[in-house]
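Report on one structure; see the data block that follows.
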Amino acid sequence: MNKYPAIHKAALQLKGATHDYKEEWTADRYFVGEKIFAMLGTNKEGRDILTVKVEPSQGEILRTENPAIIPGYHMNQSHWVSVLLDEEKNEEFLAKLLAHGYEQVLRKLPKYRQREIENI
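Per this note's numbering, the very first residue in the sequence shown carries number 222; after that it's consecutive.
This is the structure we're talking about:
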């Protein structure tokens, strides 16, 4: 989804982050240690969304404070949020959210994988 180059760039600037495009989902997926931390795609209404892994308590706060943030689309809704990109355009906020998702996944990886990524 080349409509959001700032999101793509912010995700791939995170150490060891990788990307692929899953055609069946029409979604750009972002990984650390082969685990997804974010996805850029559309929901069933065709709205562009960024879905990011979050700490459950943080997800609840984000959804309460920002009407552009909804439970994660087609994901575990306590561990993921989706951002409606036609409503939330603050690139700095989105980059911080991506970094949070990245950290959530990175810290759950085995210690040896964390060290490998650290040394990239």
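Glycine residues also receive a C-beta, built at the ideal position from the N, C-alpha and C atoms. Keep in mind it's a predicted model, so treat the numbers as computed, not measured.
Discussion item. What residue range does the alpha helix (DSSP H) around residue 300 cover?
Written reply: Residue 300 -> no alpha helix (DSSP H), and no H or E assigned at all.
Practice prompt. Give the straight-line distance between the Cα atoms of residue 299 and residue 325, rounded to the nearest whole angstrom.
Written response: 13 Å
Worksheet item: Where does residue 240 sit, in a helix, a strand or coil, going by DSSP?
Response: strand
Worksheet item: Can you tell me whether DSSP reads residue 285 as helix, strand or coil?
Response: helix
Worksheet item: So is residue 240 buried or exposed if we call it buried at 16+ other beta carbons inside 10 Å?
Response: exposed
Worksheet item: For the beta strand (DSSP E) that contains residue 251, what are its first and last residues?
Response: 248-253
Item to complete: Pick out whichever of 297, 291, 301 has its Cα sitting closest to the Cα of residue 307.
Response: 291
Fill in: Secondary structure of residue 226, DSSP reduced to three states
helix
Worksheet item: Could you give the C-beta distance for residue 237 and residue 253, rounded to a whole number, given that I count them as a contact under 8 Å?
Response: 5 Å
Worksheet item: DSSP three-state call for residue 341: helix, strand or coil?
Response: coil
Discussion item. Measuring only the C-alpha atoms, how far is residue 288 from residue 330?
Written reply: 31 Å
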